[in-house]
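For the sequence shown, numbering that gives the first Met the number 0 gives the first residue as 0, with consecutive numbering after it. All residues carry an ideal CB built from backbone N, CA and C; glycine is no exception. The structure displayed is predicted, hence computed values, not measured ones. One structure below.
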Amino acid sequence: MYFVGFVVFIAFLVFTTLVSGSLAFFIDLPSILIILAFSLPMLMASGLFSDFIRAFKIMGKKINVWSIIELNRTEISLRLAIKLLLFSGLLGSIIGILSILSNTSNMAHIGQNIAVSILSILYSILFVFILLPVQAKVKSMILTMDKEYIDEEAAK
């Protein structure tokens with residue numbers, strides 16, 4: 000169901016960008032690379048990268064085959080990834096705006112350049128939109144396992 004929702008989300012996103020203007024205006028590869036270049040190494044440095052990858056494996060399964068510890072580590076990695084994505088988007092925008100302000104010789108293109116620098120915030124928010132349902136499913140699995148454990152203890 001996640002993948003159906005993801006496809007609908009992407010389709011709606013493409014539709015709204017086409018309605019508001021050209022799709023090419025919303026595509027900026029350097030902004031995406033800045034976000035990934037700041038987020039992924041920090042996630043790797045935390046030691047939670049494999050737990051982050053596990054989150055997407057969880058989305059593909061209907062049955063829980065992971066332990067409560069694995070699920071908790073996965074949720075921690077998702078929370079960290081969301082924070083890193085938001086901060087890296089903000090950092091990318093700051094870098095873009097600083098580069099614009101350092102080169103103000105061409106005032107005719109300053110508005111367009113500021114719009115491009117803000118795209119990194121947009122991309123980071125879109126990445127977070129993708130991760131939030133994953134985090135919700137992992138948290139739901141944790142709560143289900145906690146409830147099952149409490150029910151087992153009450154039955155004893």
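To the nearest angstrom, report how far apart residue i and residue j are at their CA atoms.
{"i": "asparagine 156", "j": "isoleucine 129", "result": "Summary: the structure shown does not reach residue 156, with the chain confined to residues 0 through 155, and so no result is reported for it."}
{"i": "phenylalanine 11", "j": "valine 18", "result": "10 Å"}
{"i": "alanine 36", "j": "lysine 146", "result": "39 Å"}
{"i": "leucine 83", "j": "methionine 41", "result": "8 Å"}
{"i": "isoleucine 141", "j": "asparagine 105", "result": "54 Å"}
{"i": "phenylalanine 14", "j": "serine 119", "result": "20 Å"}
{"i": "leucine 131", "j": "lysine 56", "result": "15 Å"}
{"i": "alanine 80", "j": "leucine 39", "result": "8 Å"}
{"i": "phenylalanine 86", "j": "arginine 53", "result": "23 Å"}
{"i": "valine 135", "j": "glycine 20", "result": "Residue identity differs from the one stated: residue 135 is alanine in this sequence, not valine. In a straight line, the C-alpha of alanine 135 is about 33 Å away from that of glycine 20."}
{"i": "alanine 23", "j": "threonine 143", "result": "44 Å"}
{"i": "glycine 59", "j": "glycine 4", "result": "13 Å"}
{"i": "lysine 61", "j": "histidine 108", "result": "50 Å"}
{"i": "serine 30", "j": "serine 92", "result": "8 Å"}
{"i": "tyrosine 148", "j": "glycine 88", "result": "40 Å"}
{"i": "threonine 103", "j": "serine 139", "result": "50 Å"}
{"i": "tryptophan 65", "j": "leucine 28", "result": "36 Å"}
{"i": "valine 6", "j": "asparagine 63", "result": "24 Å"}
{"i": "isoleucine 75", "j": "leucine 32", "result": "24 Å"}
How should residue i be labelled, buried or exposed, when 16 other C-beta atoms within 10 angstroms of its C-beta is the threshold for buried?
{"i": "isoleucine 34", "result": "buried"}
{"i": "valine 133", "result": "buried"}
{"i": "threonine 73", "result": "buried"}
{"i": "lysine 116", "result": "The residue you asked about is not lysine; residue 116 is serine in the sequence shown. Counting Cβ neighbours within 10 Å, serine 116 comes out buried, since at least 16 surround it."}
{"i": "phenylalanine 2", "result": "exposed"}
Are residue i and residue j touching if we call contact CB-CB under 8 Å?
{"i": "threonine 16", "j": "phenylalanine 25", "result": "yes"}
{"i": "leucine 90", "j": "valine 137", "result": "no"}
Checklist entry - Hey, is the segment 140-153 in contact with the segment 90-100, meaning 3+ C-beta pairs nearer than 8 Å? => result No, because fewer than three Cβ pairs between the segment 140-153 and the segment 90-100 fall closer than 8 Å, the two stretches do not touch.
Quiz prompt | the segment 115-124 / the segment 57-73 touching (three or more Cβ pairs under 8 Å) | solution = In this structure the segment 115-124 does not lie against the segment 57-73, because fewer than three pairs of beta carbons, one per stretch, are closer than 8 Å.
* Decide yes or no for the touch test of the segment 40-54 against the segment 109-119: beta carbon pairs closer than 8 Å, at least 3 of them. => Taking 8 Å as the limit for Cβ pairs, the verdict is that the segment 109-119 does not touch the segment 40-54.
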